[in-house]
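Here the sequence shown stands for residues 38 to 188, where the numbers follow the working numbering.
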Amino acid sequence: MAGTAQAEPVIADQQARAKWRYLDGAEAEQMVSAAQEEAAALGRNVAIIFGTERCPDTRALLQWLDQLEIAQALNPSFDFILVESGPARDRNLALARKFGVTRIEGTPTLLILSGRDGALLNRKTMSKLRTAARQTSAQRMDYFRKYRPVR
């Protein structure tokens with residue numbers, strides 16, 4: 038029984054890795070621009086997740102976002118983009134700088150952009166989910182609820 042209980046998180050982790058793809062460089066910038074256009078047209082916000090595959094908190098956040106009930110609750114409000122930050126958290130920093138962020142303090146770091154005007158909505162709390170692996174689902178959901186677009 039103990040072996041089975043430990044295998045489940047590994048399987049979930051592998052499934053999350055298969056669904057999410059870390060974007061890098063020009064591709065990341067293009068996808069963020071496209072997401073901003075789509076978000077503006079559909080009345081959503083853009084959530085850029087700066088993370089790295091080795092980060093357990095990034096993996097925990099992605100696994101949580103993959104849960105059906107979470108996806109159904111958040112997908113109407115957000116377009117999610119996953120961007121590689123690298124082990125030193127300095128990859129794709131040029132993209133973060135476009136939104137006034139000069140440093141990625143830890144991972145995951147979320148930049149939530151207004152779909153209306155592209156403004157960074159969560160400057161003071163963008164590192165709040167750096168402890169995602171230790172947060173409850175309710176804590177994560179409360180975080181995202183604060184940044185849902187006003188309709």
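Beta carbons are placed, not taken as given, at the ideal position from N, Cα and C, and that holds for glycine.
Check whether residue i and residue j have beta carbons under 9 Å apart
i	j	result
Tyr184	Asn112	no
Asp116	Glu75	yes
Trp57	Leu147	no
Gly80	Ser122	no
Ile85	Val69	yes
Leu130	Thr139	yes
Opposing strand residues paired with residue i [DSSP bridges]
i	result
Leu157	Leu150
Val120	Leu60, Phe87
Phe115	Asn82
Pick from the options that is closest to residue i, judged by C-alpha positions
i	options	result
Arg27	Asn129, Ala110, Gly152, Phe136	Limits of the chain in this structure are 38 at one end and 188 at the other, which puts residue 27 out of reach.
Glu239	Thr173, Thr144, Leu132, Gly137	Nothing about residue 239 can be read from this structure; the chain reaches only from 38 to 188.
Arg167	Val138, Val187, Thr95, Arg134	Thr95
Ala170	Asp61, Phe136, Ala108, Leu98	Leu98
Gln73	Thr162, Gly155, Gly62, Asp179	Gly155
Asp61	Glu90, Ala77, Ala78	Glu90
Gln67	Ala175, Tyr180, Ala108, Lys135	Lys135
Arg188	Asp103, Tyr59, Ala78	Ala78
Presumed contact (8 Å Cβ cut-off) between residue i and residue j, rounded CB distance
i	j	result
Trp101	Arg160	Their Cβ separation, rounded to whole angstroms, is 23 Å, which puts Trp101 and Arg160 out of contact at 8 Å.
Pro186	Gly152	6 Å
Glu142	Ser164	5 Å
Gly137	Leu105	Not a contact, Cβ separation roughly 35 Å.
Cys92	Thr144	4 Å
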